[in-house]
């Protein structure tokens, strides 16, 4: 395995900490985008840099448990026809307002795209590289990953994953974006 950490222009000292850890950990590579480019660009940079045939994505805010990754990988491995396994946050630790915004956004996105995806806001996903390499790149793309994979002929399944309170950073998601 390898870990590709993408720093999207952070100013909180995390880049220095990642570089310190990378000096001691051969499996860790650190990419620096320099300026805040957004989650879609950071994810694409990470999977472009990754060398494996399967890529797992995870935000650094601490809301998803890395311990769920092996279960998602096992499900993908057991289903060769799948292009991706995407997490669905259970027991969400968000405010009532955030939950309402998420429900409205997911419903609207599902209505527009015609694809039923329970939780596109969950950053925990495992995807085959061949599916990722075919995806169009645009700002906000991360909110449509399962649908984009399906539109290219790939199949995905959703699995429940744990959700925790945000430990780091602040949300950039709101009702108007």
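Residue numbers (the working numbering): 625 to 801.
A virtual CB, placed ideally from N, CA and C, is assigned to each residue, including glycine.
Output the distance between the C-alpha atoms of residue 745 and residue 644, rounded to the nearest integer angstrom. Approximately 30 Å between the Cα atoms of the pair.
What is the C-beta distance between residue 655 and residue 631, in whole angstroms, given that I count them as a contact (C-beta under 8 Å)? Residue 631 and residue 655 do touch by the CB rule: their CB atoms are close to 7 Å apart, below 8 Å.
Coarse secondary structure for residue 631, derived from DSSP in three states: Three-state DSSP puts residue 631 in a strand.
Span of the beta strand (DSSP E) holding residue 781? 779–785 is the span of the beta strand (DSSP E), which, as asked, contains residue 781.
Measure the alpha-carbon distance for residue 662 versus residue 760 and round it to whole angstroms. Approximately 16 Å, taken between the alpha carbons.
Can you give me the C-alpha to C-alpha distance between residue 781 and residue 658, rounded to a whole angstrom? Between residue 781 and residue 658, the C-alpha separation is close to 34 Å.
Please report the distance separating the alpha-carbon of residue 707 from that of residue 636. Taking the straight line joining both Cα atoms gives about 35 Å.
Does residue 714 pass the burial test, meaning 16 or more other C-beta atoms within 10 Å, or should it be called exposed? Residue burial is scored here from C-beta neighbours: residue 714 has fewer than 16 other C-beta atoms within 10 angstroms and is therefore classed as exposed.
Three-state secondary structure assigned by DSSP to residue 678: Under the three-state reduction of DSSP, residue 678 is assigned to strand.
Given 8 Å as the limit, is there contact between the stretch 768–780 and the stretch 730–740, that is, 3 or more CB pairs closer than that? Enough Cβ pairs lie closer than 8 Å, so yes.
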